[in-house]
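Engineer: Protein chains in written order, with my numbering: chain A, 6 to 427; chain B, 6 to 427.
Heads up, the beta-carbon is just placed ideally off N, CA and C, and yes, glycines get one too.
There are 2 protein chains.
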Amino acid sequence: MTEPSTPTPQDRLMVSEMLDAARLWQRLAELARHGATPAGGVERLALSPAEVAARHAVLGWAAAAGLGLACDPAGNIFLRLEGRSASAAPVLTGSYLDSQPKGGRYSGSYGVLAGLEALCAIGRAGHAPERPIVAAIWTNGEGSRFCPGYTGSKAFAARRLAKGSLAVRDDTGASFGEALSAWQATAGGLAKIRLGFDCSAYVELHLEQGPELEDRNKQIGVVTGMQGMRRYQIDVEGEAAHAGGMPRARRRDALSAAVRIIGGLESVCSAPDVTHTVSQLAITPNAPSVVPGSATFSLDVRHADDTVLTHLGEAIRLICQSEKGPCRCTLTEVLTAPPITFDPLIGASTAAAAARLGLTTWPMLSLGGHDARSLAGHCPSGIIFIPCHKGISHSEHELISSQAATGGARVLTDVLWDFANA
Amino acid sequence: MTEPSTPTPQDRLMVSEMLDAARLWQRLAELARHGATPAGGVERLALSPAEVAARHAVLGWAAAAGLGLACDPAGNIFLRLEGRSASAAPVLTGSYLDSQPKGGRYSGSYGVLAGLEALCAIGRAGHAPERPIVAAIWTNGEGSRFCPGYTGSKAFAARRLAKGSLAVRDDTGASFGEALSAWQATAGGLAKIRLGFDCSAYVELHLEQGPELEDRNKQIGVVTGMQGMRRYQIDVEGEAAHAGGMPRARRRDALSAAVRIIGGLESVCSAPDVTHTVSQLAITPNAPSVVPGSATFSLDVRHADDTVLTHLGEAIRLICQSEKGPCRCTLTEVLTAPPITFDPLIGASTAAAAARLGLTTWPMLSLGGHDARSLAGHCPSGIIFIPCHKGISHSEHELISSQAATGGARVLTDVLWDFANA
Chain A
6 MTEPSTPTPQ DRLMVSEMLD AARLWQRLAE LARHGATPAG GVERLALSPA
56 EVAARHAVLG WAAAAGLGLA CDPAGNIFLR LEGRSASAAP VLTGSYLDSQ
106 PKGGRYSGSY GVLAGLEALC AIGRAGHAPE RPIVAAIWTN GEGSRFCPGY
156 TGSKAFAARR LAKGSLAVRD DTGASFGEAL SAWQATAGGL AKIRLGFDCS
206 AYVELHLEQG PELEDRNKQI GVVTGMQGMR RYQIDVEGEA AHAGGMPRAR
256 RRDALSAAVR IIGGLESVCS APDVTHTVSQ LAITPNAPSV VPGSATFSLD
306 VRHADDTVLT HLGEAIRLIC QSEKGPCRCT LTEVLTAPPI TFDPLIGAST
356 AAAAARLGLT TWPMLSLGGH DARSLAGHCP SGIIFIPCHK GISHSEHELI
406 SSQAATGGAR VLTDVLWDFA NA
Chain B
6 MTEPSTPTPQ DRLMVSEMLD AARLWQRLAE LARHGATPAG GVERLALSPA
56 EVAARHAVLG WAAAAGLGLA CDPAGNIFLR LEGRSASAAP VLTGSYLDSQ
106 PKGGRYSGSY GVLAGLEALC AIGRAGHAPE RPIVAAIWTN GEGSRFCPGY
156 TGSKAFAARR LAKGSLAVRD DTGASFGEAL SAWQATAGGL AKIRLGFDCS
206 AYVELHLEQG PELEDRNKQI GVVTGMQGMR RYQIDVEGEA AHAGGMPRAR
256 RRDALSAAVR IIGGLESVCS APDVTHTVSQ LAITPNAPSV VPGSATFSLD
306 VRHADDTVLT HLGEAIRLIC QSEKGPCRCT LTEVLTAPPI TFDPLIGAST
356 AAAAARLGLT TWPMLSLGGH DARSLAGHCP SGIIFIPCHK GISHSEHELI
406 SSQAATGGAR VLTDVLWDFA NA
């Protein structure tokens, strides 16, 4: 008979017991002051003064906790808890601090602050993990100021900024490069590291941004993959004319054509599990008494199966042609994000941690995009979801409960600890 | 037997023979340089630097022609040819120099420059008319910078600026009052007159802005009246949400509701001779990946019969309610312009002048609004139309022929002469 092996500190320790849930909730409220809107949301566009202030708030808290601080040329920030093996590839978590123009106070902020609290909890537990654990703040996660988003995480995974990123301009004409320099001018005190480093795993914590967990009364979403997405720009060109003088039958009204096309998309995209959205639309000259001469709108289509998306693309092209009437219509695919499957070990660790904590779980797809998409090709990656009120997100009315916030942060803490000692 | 009466100079004179048609055409091109767009139109918003420059160009030509120059507190400009009876109520013509955001080079400008040339022609004829003849440049005719339009002509007819006019703001936040002051600062050399004066008649010359004259191959439109118009603002309020996460069935997508309503209007407004246009539309937050939370759009409905418009208003209200789905929808009538009938004597004079000049005529309604609507309650009023290419107006592609421009200006000249001696 051999002696039973002595339990290691890792076996005995449920590090999430150390989580300061009250501080997490309080800091969510404090962070929401940066860019606060009267309706209770935030307007904190990427690298805007409000977002830079939010970055410095988090940096201040991380510095007080004794974490290592660094930033990279994409504007990403890294908060680092050292491991016993300083040279081991760290475990990574991360989220973002930018928001939609009228966004919620939890998206992004929750993942960042929960990551910070997870690192603090693990530090407080008194046993250093084997691997370092790093919490990242990704630049331009939402992509609503500089489109497309995930600029920071994509640059991290590729170890270089995507071609043309620096030249992308916001609505006011300011470039991403200029905004990045404005942030960097405030980041003099931070260590500078190169873009990208090896990671042993990436785990992202986020609110669901849909109603499934709430509907099913589940506390933790074990995210197994992410549905695919195609984004199109549809340009309709007609002819401006006098709204009184030009008979309707003789018009080339670009908005009328756009409305027919958008109406037609309802049937084309009506298959189960297809989600489509027209979220941006502009017409010119957009003046009283002038028949619209042109209309441009976005179309976002999502499904878990890439083949379905490919077939839909063809159907969308046909509907544009059949409904354009006397106008010209061009369909341009501007973004393709194929469906992805996450690392099953992260899902298993998530489910196990939730079970230990007495939290119910549900396996599900992420219907929205996340920085984990960028990381999925870089290292084993996964996402943990918590419920959000009525599924509302990307809205000033976005809401999570403090219990849900605590539950998700505790699961994240334990999963990070798991992988940091694996 | 009595001696036959000696013909008066008025009887013998066809003053339109004196019209300098080449100069009219040349000045239309010169005026189009102010605010010229690359596509050949003009962007010359009311009281903008480009429109103020256009005003001064016309003032320079009028001064060189020896006409009297004056302006009023609404920014209206008056070019005056004296009559033999200085105290008689003048005959008035007029138009405007502002344009749509991407407008044509002829709307407004043509009526102003033809009025100037008519005064020059009558002056050149060597016989002063009995009454003074005045050509007005009305402020904010298009109403695309400061909505609603006809600000100057309405103030003239009412002898006061409409309540709240000065506070109306453009897209940049500048008020009409501020823009007016900017113009007035350049108008130091002009005589200042009070708002409004008695007129014996008002005759406006304009391109048709529709295809009827061209279709019927007629040269002069004898405008017998103006159809009525109602303008509505429709506000749809839904809820912003994540374009991936929120299932379509659970959304309160404001743009989807707006598209259903706009689609429904096609059938509601399908009766013969009803013209409806949605020409302004804005959604929020208008960001990628965010389900539209609100949508606001304009609806312009026109018909010659006010009763039809009233019934349509009720049908429009019903369609908003039936198609709004889970969103809220409010319908606000923001502008009402009833149908009007013009003075038959002006029509008769127009038809007679055209016949003398060998030009074909067609009696017709004005389907668009004009400053003549403001004047119709002030003095006997009327409009003369000339054809425009394919009916296109409120567009950079607006086009008239030089022959049509000459024909209309000659008819205007003779009609003004008629009424100035009546």
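With three or more C-beta pairs closer than 8 Å as the rule, is the segment 205-220 of chain A touching the segment 249-268 of chain B?
Structural biologist: Contact holds: three or more Cβ-Cβ distances are below 8 Å.
Engineer: Residue range of the beta strand (DSSP E) that S100(B) falls in?
Structural biologist: Looking up residue 100(B) in the second sequence gives position 95. Note, S100(B): beta strand (DSSP E), 96-101.
Engineer: Counting only Cβ-Cβ distances shorter than 8 Å, please list the residues of the segment 242-259 of chain A near chain B, keeping chain order.
Structural biologist: Within the segment 242-259 of chain A, the qualifying residues are E244, A245, A246, H247, A248, G249, G250, M251, P252, R253, R255, D258.
Engineer: Which term fits E8(B), buried or exposed, when burial requires 16 or more other beta carbons within 10 angstroms of its beta carbon?
Structural biologist: Mapped onto the second sequence, residue 8(B) falls at position 3. With a pLDDT of 44 at E8(B), under the threshold of 50, the predicted position of this residue should be treated as unreliable, and no value is reported.
Engineer: Give the residues of chain B in contact with L421(A), contact being defined as C-beta atoms less than 9 Å apart.
Structural biologist: If you number the first sequence from 1, residue 421(A) lands on position 416. The premise fails here: L421(A) is roughly 24 Å from chain B at the closest Cβ pair, so nothing lies under 9 Å.
Engineer: Tell me V306(A)'s beta-bridge partners as DSSP assigns them.
Structural biologist: Within the first sequence, the letter at position 301 stands for residue 306(A). The partner list for V306(A) (beta bridge, DSSP) reads R235(A), H281(A).
Engineer: Chain B beta carbons: is any one of them nearer than 8 Å to that of I405(A)?
Structural biologist: In the first sequence, counting from the first residue as 1, residue 405(A) sits at position 400. Judged by the 8 Å Cβ criterion, I405(A) is not in contact with chain B.
Engineer: Is any beta-carbon of chain A found at less than 8 Å from that of G269(B)?
Structural biologist: In the second sequence, the residue the question calls residue 269(B) occupies position 264. Closer than 8 Å: no.
Engineer: By the DSSP assignment, the beta strand (DSSP E) with P368(A) in it spans what residues?
Structural biologist: One-based indexing of the first sequence puts residue 368(A) at position 363. Residues 366-371.
Engineer: Which whole-angstrom value is the C-beta distance of A67(A) and L210(A), which I expect to be below 8 Å?
Structural biologist: Sequence index remark: in the first sequence, residue 67(A) carries index 62 (1-based). Sequence index remark: in the first sequence, residue 210(A) carries index 205 (1-based). With a Cβ gap of about 17 Å, A67(A) and L210(A) do not count as contacting.
Engineer: Does DSSP classify G73(B) as helix, strand or coil?
Structural biologist: Along the second sequence, read from residue 1 onward, the residue named residue 73(B) stands at position 68. Three-state DSSP puts G73(B) in a strand.
Engineer: Does the ligand ZN have even one heavy atom less than 7 Å from the beta-carbon of G318(B)?
Structural biologist: You won't find the ligand ZN in this model; it holds no ligand whatsoever.
Engineer: Of all Cβ atoms in chain A, is any one closer than 8 Å to the Cβ of Q326(B)?
Structural biologist: Here residue 326(B) corresponds to residue number 321 of the second sequence, with the count starting at 1. Q326(B) does not count as touching chain A.
Engineer: What residue from A44(B), S53(B), A187(B) has the CA that sits closest to E244(A)'s CA?
Structural biologist: Working through the first sequence from its first residue, we reach residue 244(A) at position 239. When only C-alpha atoms are compared, the closest one is A44(B).
Engineer: With DSSP run on the structure shown, which of helix, strand or coil describes F390(B)?
Structural biologist: As a first step, residue 390(B) must be located in the second sequence, where it is residue number 385. Correct three-state label for F390(B): strand.
Engineer: Taking a cut of 8 Å between CB atoms, which residues from the segment 210-244 of chain B lie near chain A?
Structural biologist: Answer in chain order: E213, Q214, G215, P216, Q232, M234, R236, E244.
Engineer: Anything in the segment 147-161 of chain A with a Cβ closer than 7 Å to a Cβ of chain B? List those residues in chain order, please.
Structural biologist: Those would be G148, S149, C152, in chain order.
Engineer: List, in chain order, every chain B residue whose beta-carbon is nearer than 9 Å to that of K107(A).
Structural biologist: As a position in the first sequence, residue 107(A) is number 102, starting the count at 1. Within 9 Å Cβ-Cβ: A245, T289, P290, A292, V295, G298.
Engineer: Enumerate in chain order the residues of its own chain whose CB-to-CB distance from L340(A) is below 8 Å, with the five nearest sequence positions on each side excluded.
Structural biologist: Your numbering for residue 340(A) matches position 335 in the first sequence. So the list reads P153, M234, R235, R236, once near-sequence residues are dropped.
Engineer: T341(B) CB to nearest chain A CB: under 8 Å?
Structural biologist: Sequence index remark: in the second sequence, residue 341(B) carries index 336 (1-based). Chain A contact via Cβ: absent.
Engineer: Determine, for G396(A), whether the minimum Cβ-Cβ distance to residues of chain B falls below 8 Å.
Structural biologist: The residue you call residue 396(A) lines up with position 391 of the first sequence. Output row for G396(A): interface = yes.
Engineer: Using DSSP with H/G/I as helix, E/B as strand and the rest coil, what is Y155(B)?
Structural biologist: Walking along the second sequence from the start, residue 155(B) turns up at place 150. Coil.
Engineer: With a CB to CB cut of under 7 Å and the five nearest residues on each side skipped, what residues in its chain are close to Q238(A)?
Structural biologist: Walking along the first sequence from the start, residue 238(A) turns up at place 233. The residues are T301, S303, T337, V339.
Engineer: Leaving aside the five residues before and after A94(B) along the sequence, list all residues of the same chain whose C-beta is less than 6 Å from its C-beta, in chain order.
Structural biologist: In the second sequence, residue 94(B) corresponds to position 89, counting from 1. Excluding residues within five positions, the ones whose Cβ falls inside 6 Å are D203, C204, S205.
Engineer: Measure how close the beta-carbons of T177(A) and A79(A) come, nearest whole angstrom, since I'm counting them as under 8 Å.
Structural biologist: Against the first sequence, residue 177(A) aligns to sequence position 172. Against the first sequence, residue 79(A) aligns to sequence position 74. Going by Cβ atoms, the distance from T177(A) to A79(A) rounds to 21 Å, so no, they are not a contact pair.
Engineer: Starting from R333(B), follow the alpha helix (DSSP H) in both directions and report where the run begins and ends.
Structural biologist: Working through the second sequence from its first residue, we reach residue 333(B) at position 328. Counting along the chain, R333(B) falls outside any alpha helix (DSSP H), though it belongs to the beta strand (DSSP E) covering 333-342.
Engineer: Does the distance from the C-beta atom of T366(A) to that of A123(A) stay below 8 Å?
Structural biologist: As a first step, residue 366(A) is located in the first sequence; it is residue number 361 there, counting from the start. As a first step, residue 123(A) is located in the first sequence; it is residue number 118 there, counting from the start. Not closer than 8 Å, so no.
Engineer: Name the chain A residues whose beta carbon is nearer than 9 Å to that of T280(B)?
Structural biologist: Counting from 1 along the second sequence, the entry for residue 280(B) is found at position 275. Within 9 Å Cβ-Cβ: A248, G249, G250, M251, P252, R253.
Engineer: Assign R265(A) to one of two classes, buried (16 or more other C-beta atoms within 10 Å of its C-beta) or exposed (fewer than that).
Structural biologist: Taking the first sequence and counting its residues from 1, the one referred to as residue 265(A) is at position 260. Its Cβ being crowded by 16 or more others within 10 Å, R265(A) is buried.
Engineer: Pop quiz: L97(B) and V63(B) are said to be a contact at Cβ under 8 Å. What is the actual Cβ separation, rounded to whole angstroms?
Structural biologist: Here residue 97(B) refers to the residue found at position 92 of the second sequence. Here residue 63(B) refers to the residue found at position 58 of the second sequence. Not really, about 16 Å apart at Cβ, beyond 8 Å.
Engineer: Can you tell me whether G285(A) is buried or exposed, with buried defined as 16 or more other CB within 10 angstroms of its CB?
Structural biologist: As a first step, residue 285(A) is located in the first sequence; it is residue number 280 there, counting from the start. Note on identity: in this sequence residue 285(A) is Gln, with Gly being the wrong assignment. Label assigned to Q285(A): buried.
Engineer: Indicate the three-state DSSP secondary structure (helix, strand or coil) for R257(B) in the structure shown.
Structural biologist: Taking the second sequence and counting its residues from 1, the one referred to as residue 257(B) is at position 252. The answer is strand: DSSP assigns R257(B) an E or B state.
Engineer: So which residues on chain B does S3(A) lean against when the C-beta distance must stay under 7 Å?
Structural biologist: One cannot answer for residue 3(A) here, as it falls past the ends of chain A, which runs 6 to 427.
Engineer: For the beta strand (DSSP E) that contains T177(A), what are its first and last residues?
Structural biologist: For this step, residue 177(A) is matched to residue 172 along the first sequence. Note, T177(A): premise wrong, no beta strand (DSSP E); not H, not E.
Engineer: What residues from chain B crowd round G374(A), counting only those whose CB sits closer than 7 Å?
Structural biologist: Walking along the first sequence from the start, residue 374(A) turns up at place 369. Correct list: G249.
Engineer: Whole angstroms is fine: what's the gap from R165(A)'s alpha carbon to G157(A)'s?
Structural biologist: Counting from 1 along the first sequence, the entry for residue 165(A) is found at position 160. Counting from 1 along the first sequence, the entry for residue 157(A) is found at position 152. So the two alpha carbons sit approximately 10 Å from each other.
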